[in-house]
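These notes concern the structure reproduced below.
Protein chains: 2
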Amino acid sequence: MSPRTQKQFEEIREEKRALIMDVALDHFANAGYHAATINHIARHAGISKGLMYNYFDSKEALLEAIMKRSVMEVYEYFDLNKDGYLSEDEFDFFIRKISAVLRNKRSFWRLFFQLVLQNEVREKFSVLSSNPLIKMEFFTGEEKFLLDISGVITDYFMRKRETRGPDYDPILDMNMFLITLKGYAITRIYIDDDEDDEKTINRIIELFK
Amino acid sequence: MSPRTQKQFEEIREEKRALIMDVALDHFANAGYHAATINHIARHAGISKGLMYNYFDSKEALLEAIMKRSVMEVYEYFDLNKDGYLSEDEFDFFIRKISAVLRNKRSFWRLFFQLVLQNEVREKFSVLSSNPLIKMEFFTGEEKFLLDISGVITDYFMRKRETRGPDYDPILDMNMFLITLKGYAITRIYIDDDEDDEKTINRIIELFK
DNA sequence: TATTTTTGACCAACCGTTCAACCATAAAGA
DNA sequence: TCTTTATGGTTGAACGGTTGGTCAAAAATA
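So the protein lines, in turn, are chains A and B.
Per our numbering, residue 4 is the first one in the first sequence, and the count goes up by one each step.
Per our numbering, residue 4 is the first one in the second sequence, and the count goes up by one each step.
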């Protein structure tokens with residue numbers, strides 16, 4: 004018989020797990036995964052080194068948990084399973100959502116880009132992405148998680164062909180869109196306070212709507 | 004007295020130094036600087052670990068030497084000290100040069116983006132860059148090296164104002180150009196064989212000429 | 001033989017990880 | 001109300017392994 008109820012324990016555990024993951028994400032992003040140390044994370048989370056291993060099996064498992072949580076947060080934010088269809092009216096909203104998710108989760112994106120830039124980490128942790136930011140495949144053991152907005156985007160640009168003339172090249176337009184999106188992402192990851200951000204966002208919408 | 008002439012020694016030393024740096028650059032880019040090991044580099048360069056320290060004082064010094072060499076190569080490739088002026092006619096050539104320098108030195112760019120994504124490495128090795136790809140400041144001890152094409156680009160877009168109408172916003176146009184350039188760079192670093200590359204390049208030139 | 005290159009065993013430091021021992025809590029028993 | 005007790009939280013010393021770096025000795029060269 005447990006002195007505390009099962010639920011109490013789980014709530015406390017979940018809170019502490021979240022705290023550790025928050026601290027670790029920042030440290031991973033700042034120092035890089037390999038240079039980051041369990042000691043540093045434990046100290047900044049206000050717990051002992053040993054306790055880290057009560058919550059996460061290993062440093063690698065901690066990274067996996069962080070990545071999975073972040074991908075799920077982005078996934079839920081975009082709510083792609085709802086319809087998976089991007090209308091022209093929703094396009095503004097879509098771009099603004101991307102802008103917001105980049106701003107709000109900068110540490111994650113910093114870490115994400117670092118990981119996908121490294122071949123060996125990419126293989127080890129299965130953070131596969133031939134098209135980062137657009138397609139994120141991530142699986143740990145049995146579970147598999149996939150965030151893929153490439154289908155939605157492809158669909159959107161193919162439909163544009165109907166309203167544009169025969170000279171319209173949907174593939175080229177989409178590639179330019181993806182390039183712009185990634186360039187915007189990298190820029191936004193570095194520079195946080197950009198007073199021209201609204202202008203830039205509007206221009207991107209104007210160019211690809 | 005030295006059995007070989009001073010010059011002979013220096014030539015051999017320079018060659019071996021270059022070999023080590025080539026191997027190290029690939030390994031740093033693939034595994035990440037911190038995960039990369041001196042042992043691995045020595046083995047793949049066909050020398051012993053101890054000899055590494057005959058050529059470079061430390062792992063950090065090796066990274067600095069690699070970064071400095073790469074920045075100098077890019078610098079010489081662009082030949083910016085020649086005029087520092089980018090005319091409209093040269094714009095095509097300029098974009099194609101960027102494309103080529105991204106393709107030819109992919110390992111360096113992979114490493115570069117990894118480093119500038121990490122705050123602590125950025126501080127430690129002074130690879131400063133508020134605008135990566137556009138401005139690279141790098142100094143080691145006394146020496147200082149700077150690659151900055153931002154001035155040339157700013158100048159180019161300010162001049163565009165004269166031929167465009169009063170509605171033309173040079174700052175916005177330049178920001179979009181930089182975003183596009185960085186997005187193109189990130190894309191090109193990941194994907195090496197893109198049959199649509201020529202189309203993309205032409206479109207970028209068309210958009211910002 | 002004089003000089004430089006090259007080696008690999010060696011070292012201290014640090015890393016991720018483990019574990020036996022304590023601590024805190026709250027229900028159960030007196 | 002106070003003590004007991006069971007349970008999971010928490011600690012930090014300790015461990016094995018790896019790393020960057022050193023150095024005395026050997027090999028290579030002209």
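Note that beta-carbon positions come from the ideal geometry of N, C-alpha and C, so glycine has one too.
Every value quoted in this text rests on a predicted model; they were computed, and no experiment measured them.
Do A:Asp-265 and A:Lys-163 have their C-beta atoms closer together than 8 Å?
-> As shown, chain A starts at 4 and ends at 212. That puts residue 265 of chain A outside it, with no answer to give.
From the beta carbon of A:His-47, is the nearest beta carbon of chain B less than 8 Å away?
-> no
C-alpha distance - A:Tyr-78 paired with A:Glu-13, whole-angstrom precision = 24 Å
What is the rounded straight-line gap between the Cα of B:Glu-198 and the Cα of B:Phe-96?
-> 20 Å
Which bits of chain B does A:Arg-164 rub up against, with CB to CB less than 9 Å?
-> Here the premise fails: no neighbours, minimum Cβ distance about 16 Å.
Cβ-Cβ distance between B:Ile-98 and B:Ile-208 below 8 Å | yes
Short-range partners of chain A found in the region 168-187 of chain B, where Cβ spacing is below 8 Å = Asp-172, Ile-174, Leu-175, Asn-178, Met-179, Leu-181, Ile-182, Thr-183, Leu-184, Lys-185, Gly-186, Tyr-187
A:Asp-200 in three-state terms, based on DSSP = helix
In chain A, what lies closer than 7 Å to B:His-37 by C-beta?
-> Gly-35, His-37, Ala-38
Does B:Ile-69 have its Cβ less than 8 Å from a Cβ in chain A?
-> no
If you count every other CB in all the chains shown that lies within 10 Å of the CB of A:Met-24, and 16 or more means buried, which is it?
-> buried
Thinking C-alpha only, which one of A:Lys-212, A:Ile-50, A:Glu-165 is nearest A:Met-179?
-> A:Lys-212
Should A:Ser-5 be flagged as near chain B, meaning a C-beta pair shorter than 8 Å?
-> Residue confidence for A:Ser-5 is low, a pLDDT of 45 falling below 50, so the modelled location carries little weight and cannot support an answer.
Endpoints, the alpha helix (DSSP H) within which B:Phe-97 is located = 91-107
Thinking just about the alpha-carbon of each residue, which of B:Tyr-171, B:Glu-165, B:Ala-188, B:Pro-135 is nearest to the one in A:Tyr-193?
-> B:Pro-135
Name the chain A residues whose beta carbon is nearer than 9 Å to that of B:Phe-116?
-> Phe-116, Gln-117, Leu-120, Ile-189
Looking at the structure shown, is B:Phe-59 part of a helix, part of a strand, or coil, going by DSSP?
-> coil
Beta-carbon gap between A:Phe-243 and A:Lys-71 smaller than 8 Å | As displayed, chain A neither begins before 4 nor continues past 212, which places residue 243 of chain A out of reach and without an answer.
Neighbour-count burial assignment, A:Gly-168, 16 or more Cβ in a 10 Å radius | exposed
Is DSSP giving B:Pro-6 helix, strand or coil here?
-> At B:Pro-6 the pLDDT is 46, less than 50, meaning the model places this residue with poor confidence; the figure from the coordinates comes in the next sentence. Note: B:Pro-6 maps to coil in three-state DSSP.
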